[in-house]
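Student: Protein chains in written order, with the working numbering: chain Y, 1 to 201; chain F, 1 to 201.
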DNA sequence: TATAGATATTGACGCTGTCAATTATAATAA
DNA sequence: TTATTATAATTGACAGCGTCAATATCTATA
């Protein structure tokens, strides 16, 4: 008979993660503290230790959740799209670019190797997931040909990540732009399209 | 008659910045604290406030120094190289890639908008410097032609930054590699070369 | 109903950044 | 020379943080 309230919480762990995510959105990584999260949930400052041994563990669990969200997003969008690998790559790229634009603090956290434990059991399988999506499609294009799969994939993945990251930092803000801001990502994807063309893909 | 020792230090400001840089290399951004820096220089915990009003100000000043170093590096390397814009772009890229590989903590700090004040007087002129180097060369290639300068520059700059950043995070570590690690950057630069070719540059 | 295990609280510790008050030094004016 | 002023460093305090140990509380099981 699952009572979903024990004495102060049904699932404190879930509540903590939800609070952590909200704090991340509002204040950035530095705002996601053990005490701050506990405070927001309305629980004592040391309560989280039962579910996350560390601030590091908390941030790592949060990051794992975020990555899962992105994975689901990509999977859903890919279902609505043709089997053409290039189209699918563009789809993946767009999901990712949108994610970075709408949730800059979440995106930045994903790559903070100093506060997130990418070697943990929870993360080891996850941190490469988005990259793997890209590789899958590149594979379809390159199988049977004498082309280095990784060079293409790393090139695309690097450009994608770099663009999102630099945009979050504010690099491209006051730059004279003959291409409007919204079309810029598309221009980059199209640019990479020419790379594939060049390799005969 | 400039006595270079006042009562405890000649140039405490410089010494603090030097200590900050060392701590950054050894422990990463989180290791660069006001108190830790003061401790290393051998001065009281509140001494730095006279020269840097904040931890933020300290990190910002350090970042400004690092960017200056890179600028000097690039300028020097460009002197030893032909006037061919593509060659010069490759040179810039290589300097930057090497910097990221040898000083990962320094490179990461450059883009930490949460702890570095990129809007400060000191930074406003500096944070675009490396990007400007690239733009200068792209300009030489695109002037007179109906090609969007920024799309090319942003694409290259994004790929460059993204690759360095992802490499620091450890993304490409255990990945099957038909291209050896050292040749990877060159492969990417060459890949971008094909982009330029495609635009007829 | 008693016991055991999980879960939350309380209080303490050392660390941090920051500020105010104080002391020490250096440069300048009388 | 001595007195004055501005600069620079010290000391001590404060609240916040992460973490740990000891304690209290609730849940489930025997």
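For glycine and all other residues, C-beta sits at the position ideal for the given N, C-alpha and C.
1. Helix, strand or coil for residue 111 of chain F per DSSP?
2. Within a Cβ cutoff of 7 Å, which residues of the same chain sit near residue 147 of chain Y, ignoring the five residues on either side of it in sequence?
3. Select from F:45, F:27, F:38, F:92 the residue whose C-alpha is nearest the C-alpha of residue 185 of chain F.
4. Are at least three pairs of beta-carbons, each pair with one atom in the region 61 to 74 of chain Y and one in the region 109 to 126 of chain Y, less than 8 Å apart?
5. Can you confirm whether the region 127 to 139 of chain F touches the region 37 to 44 of chain Y when touching is taken to mean that 3 or more C-beta pairs between the two stretches lie within less than 8 Å?
6. Could you tell me the distance, in whole angstroms, from the CA atom of residue 105 of chain F to the CA atom of residue 162 of chain F?
7. Kindly give me the distance between the Cβ atoms of residue 17 of chain Y and residue 61 of chain Y, rounded to whole angstroms, as I take these residues to be in contact under 8 Å.
8. Excluding the 5 residues flanking residue 82 of chain Y on each side, which residues of the same chain have their C-beta closer than 8 Å to its C-beta?
9. Please state whether the Cβ-Cβ distance between residue 164 of chain Y and residue 153 of chain Y is less than 7 Å.
10. Counting along the chain, where does the alpha helix (DSSP H) carrying residue 47 of chain Y start and finish?
11. Of all the CB atoms in chain Y, is at least one closer than 7 Å to the CB of residue 114 of chain F?
12. For chain F, is any of its Cβ atoms less than 7 Å away from the one on residue 188 of chain Y?
13. If residue 167 of chain Y and residue 85 of chain Y are in contact, beta carbons under 8 Å, what's the gap, nearest whole angstrom?
14. With distances taken Cα to Cα, identify the nearest neighbour of residue 121 of chain F among F:63, F:169, F:96, F:133.
15. Of all the residues that make up the region 150 to 166 of chain F, which are near chain Y by a beta-carbon distance shorter than 8 Å?
16. Are the CB atoms of residue 75 of chain Y and residue 189 of chain Y within a distance shorter than 7 Å?
17. Please compile the residues from chain Y whose C-beta is within a distance smaller than 9 Å of the C-beta of residue 103 of chain F.
Tutor: With the structure as the only source:
1. Position 111 of the second chain, counted from the first residue, corresponds to residue 111 of chain F. Coil, per DSSP.
2. The sequence position of residue 147 of chain Y within the first chain is 147, counting from 1. Around residue 147 of chain Y: 199.
3. Stepping through the second chain from its first residue, residue 185 of chain F is reached at position 185. Here the closest residue by C-alpha is F:92.
4. yes
5. no
6. Position 105 of the second chain holds residue 105 of chain F. Position 162 of the second chain holds residue 162 of chain F. Distance between the alpha carbons of residue 105 of chain F and residue 162 of chain F is about 15 Å.
7. The residue given as residue 17 of chain Y occupies position 17 in the first chain. The residue given as residue 61 of chain Y occupies position 61 in the first chain. Confirmed, Cβ separation roughly 6 Å.
8. Stepping through the first chain from its first residue, residue 82 of chain Y is reached at position 82. Contacts found: 88.
9. Against the first chain, residue 164 of chain Y aligns to sequence position 164. Against the first chain, residue 153 of chain Y aligns to sequence position 153. Taking 7 Å as the Cβ cut-off, residue 164 of chain Y and residue 153 of chain Y do not qualify as a contacting pair.
10. Here residue 47 of chain Y corresponds to residue number 47 of the first chain, with the count starting at 1. First-last for residue 47 of chain Y: undefined, no H or E at that position.
11. The residue you call residue 114 of chain F lines up with position 114 of the second chain. Yes, its Cβ sits closer than 7 Å to a Cβ of chain Y.
12. By one-based count along the first chain, residue 188 of chain Y stands at place 188. Cβ-Cβ to chain F under 7 Å: yes for residue 188 of chain Y.
13. Within the first chain, numbered from 1, the residue matching residue 167 of chain Y stands at position 167. Within the first chain, numbered from 1, the residue matching residue 85 of chain Y stands at position 85. With a Cβ gap of about 26 Å, residue 167 of chain Y and residue 85 of chain Y do not count as contacting.
14. Position 121 of the second chain, counting from 1, holds the residue named residue 121 of chain F. Closest by alpha carbon: F:63.
15. 150, 151, 152, 154, 155, 157, 158, 159, 160, 161, 162, 163, 165, 166
16. Along the first chain, one-based indexing puts residue 189 of chain Y at 189. Along the first chain, one-based indexing puts residue 75 of chain Y at 75. It is not a contact, given that the beta carbons lie outside the stated cut-off.
17. Working through the second chain from its first residue, we reach residue 103 of chain F at position 103. Within 9 Å Cβ-Cβ: nothing; residue 103 of chain F doesn't reach chain Y, min ~15 Å.
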